[in-house]
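At position 422 of the sequence shown the residue is numbered 421 (numbering that gives the first Met the number 0), and the sequence of numbers has no breaks.
Heads up: the structure comes next, in structure tokens.
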Amino acid sequence: MKKIMEPQLKPAELAGSNKQYGYINGRPGGNDTSLILGIVRDPLERKRINAEIMSLYGPESPSPIEQVGFVNFAPDNYELMMAGGEFCGNATRYAAYLALKGKPGQIQIKVSGVEKSLIAGVAENGESYAQMPIYSDPERVQTDLAYPENSTVYMEGITQYVDWNTTQIEGRNEEEIKAIGMDIIRRNGLDEGPAAGVMFAKKTKKGIEIVPVVYVKEIDTVFLETACGSGTTAVGMALAKKTGKSVVEEPIIQPSGQPIKVSVNYDGKEFKYAQIQGPVEILNTGVLIQTNSGPIAVERAITKEQVNVYLANGELLNAYNAVFGGSLYDEVFSYEEVMSDFMEYQQDGTLFFARSKDELVGFGASLPLSKRDEIAKIAVGFGIPFKSTQYMADLGVLEPWRKKGVGKALINERLMSFPKGTTVLMRTSEKNDESQRLYKELGFTQVKGMEQMVEQMRTSGKPEIDRRIFFTKVI
Numbered sequence: 000m001k002k003i004m005e006p007q008l009k010p011a012e013l014a015g016s017n018k019q020y021g022y023i024n025g026r027p028g029g030n031d032t033s034l035i036l037g038i039v040r041d042p043l044e045r046k047r048i049n050a051e052i053m054s055l056y057g058p059e060s061p062s063p064i065e066q067v068g069f070v071n072f073a074p075d076n077y078e079l080m081m082a083g084g085e086f087c088g089n090a091t092r093y094a095a096y097l098a099l100k101g102k103p104g105q106i107q108i109k110v111s112g113v114e115k116s117l118i119a120g121v122a123e124n125g126e127s128y129a130q131m132p133i134y135s136d137p138e139r140v141q142t143d144l145a146y147p148e149n150s151t152v153y154m155e156g157i158t159q160y161v162d163w164n165t166t167q168i169e170g171r172n173e174e175e176i177k178a179i180g181m182d183i184i185r186r187n188g189l190d191e192g193p194a195a196g197v198m199f200a201k202k203t204k205k206g207i208e209i210v211p212v213v214y215v216k217e218i219d220t221v222f223l224e225t226a227c228g229s230g231t232t233a234v235g236m237a238l239a240k241k242t243g244k245s246v247v248e249e250p251i252i253q254p255s256g257q258p259i260k261v262s263v264n265y266d267g268k269e270f271k272y273a274q275i276q277g278p279v280e281i282l283n284t285g286v287l288i289q290t291n292s293g294p295i296a297v298e299r300a301i302t303k304e305q306v307n308v309y310l311a312n313g314e315l316l317n318a319y320n321a322v323f324g325g326s327l328y329d330e331v332f333s334y335e336e337v338m339s340d341f342m343e344y345q346q347d348g349t350l351f352f353a354r355s356k357d358e359l360v361g362f363g364a365s366l367p368l369s370k371r372d373e374i375a376k377i378a379v380g381f382g383i384p385f386k387s388t389q390y391m392a393d394l395g396v397l398e399p400w401r402k403k404g405v406g407k408a409l410i411n412e413r414l415m416s417f418p419k420g421t422t423v424l425m426r427t428s429e430k431n432d433e434s435q436r437l438y439k440e441l442g443f444t445q446v447k448g449m450e451q452m453v454e455q456m457r458t459s460g461k462p463e464i465d466r467r468i469f470f471t472k473v474i
């Protein structure tokens, strides 16, 4: 299970005229979810942010996002608001996991689509759980008279139709399954509520497997989800009513292949409580930047796979040489040089990538000073602490995306990740006035007399030497 990253940026922090929103993307048993740090009350702005996140993490991205929520982690006021104002059980589990930093505990959290606060938390085994907003009246679980094996389950914030006829979706592609699901939703008049879903359910040797189709009215989205908490609960409630007794930690296999366990307390007369529980995985963290050229995601590279994506498609090498191959540096780097550096950044340091929905547009990396012996030897002579210093090893933004807050975000994200009291050291060309201006604006001061002569292959095919100067700041 991946380490939880602290929120890196305060919500809606401004960089020039470009709004920025911190986010943490995760996988609560599937159902990949992006949680924006800070509640946005304006439904139109939520819809816009939802569309931007979806465009950045669409079906073709390494980690597609299925839904977006907004969270407040203030201990006395935990809150989750989904982009469409709907309720989501998996997002509730995920929010609790982040609020508790993955450690066992329990919170009360207010969730959109639900009147009362819900119980959510992290169990001793590391799985996250959430109370589900069910009605006590068994009549809220209604048998479909036309198809008696099926049930409509009414919950706060969402209604689910449990359909045990999976032959109708066998051999169908994603769009066809979504169309079948929406036809069932409309046929049963469920499309007028804030959210509705169809759970195509099947009993197998492994357990009950579901295929969830979920519709959210406010933002007009239909997803074939990789997991569904409310749908899992609906299956559990349908089973409980049919058998007349409680369901205890019944594993419901999600399309992701992971089980989410559902428990329903039912005495034959009323539903008293329902809960889902399952794994949570952190995918990446970062900041969304809204620019007039389109949204940018500045995300932390937590895994080697995130680096390999940009190495394999050539975007990282091309971007690196585009940044440093201009007139200011006139340098050229090989694939081996770039691969070696960025794998080291990911493994031993802190690495962020900036990308639009179409391409990689920037990068920022840091390493402990101890990982750069040549620079460390110079720094010690100027009183810079060896053990507690982070070296800002790389920063680059493609020219069309400069002056949009991207470079500043790449710096700030790294600064926010360092412990208080850390000394931060950066190096730049003595001719790079723009870089010097940016670092001074962020509170860095030049280390007088500290310089380094750097030799690097130029675009001319010959090695040349230029002078680099240093700036420092204590967090």
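From the three backbone atoms N, C-alpha and C, an ideal C-beta is built for every residue, glycine too.
Fair warning: this is a prediction, and the values are worked out from it, not measured in the lab.
- For L144, no alpha helix (DSSP H) segment is defined, and its DSSP state is neither H nor E.
- A95 and D432 have their C-alpha atoms roughly 45 Å apart.
- If you check the CB distance, Q130 and S229 do not come in under 8 Å.
- Beta bridge pairing from DSSP links N264 with Y272.
- With a beta-carbon spacing of about 5 Å, A392 and A364 fall inside the 8 Å limit used to define contacts.
- Collapsing the DSSP output to three states places Q257 in coil.
- The beta carbons of R467 and V453 sit closer together than 8 Å.
- According to DSSP, N49 shares a beta bridge with no other residue.
- Here V331 carries a coil assignment [DSSP, helix/strand/coil].
- The Cβ atoms of Q19 and A408 lie closer than 8 Å to each other.
- A buried status is given to I184, since no fewer than 16 other beta-carbon atoms sit within 10 Å of its beta-carbon.
- Apart from the 5 residues on each side of it in sequence, E123 sits with its Cβ closer than 6 Å to the Cβ of P103 in its chain, given in chain order.
- Taken through DSSP and simplified to helix, strand or coil, V405 comes out as helix.
- M449: member of the beta strand (DSSP E) spanning T444 to M456, first to last residue.
- The region 250 to 267 makes contact with the region 26 to 34; the number of CB pairs closer than 8 Å reaches 3 or more.
- Partner residues in the beta bridge of K109, as assigned by DSSP, are E78.
- Excluding five sequence positions before and after P462, the CB atoms of its chain that fall closer than 8 Å to its own CB belong to E454, Q455 and M456, given in chain order.
- Setting aside the 5 residues that flank it on each side, A82 is surrounded in the same chain by R45, N49, V67 and I218, each with a C-beta closer than 6 Å to its C-beta; the list follows chain order.
- Sorting P63, N89, M181 and T142 by C-alpha distance to the C-alpha of V121 places N89 at the top.
- Between V221 and K177, the gap from beta carbon to beta carbon is short of 8 Å.
- DSSP, read as helix, strand or coil, puts F72 in coil.
- Residue environment analysis places Q276 among the buried positions, since at least 16 neighbouring C-beta atoms fall within 10 angstroms of its C-beta.
- Taking V212 as reference, the option from G206, K202, C227 and D31 with the minimal CA-CA separation is C227.
- Excluding five sequence positions before and after Q445, the CB atoms of its chain that fall closer than 6 Å to its own CB belong to F470, given in chain order.
- P61 has its alpha-carbon roughly 24 Å from the corresponding atom of N320.
- Distance check between V405 and each of F417, S434, K419 and V210 places S434 closest, using alpha-carbon atoms only.
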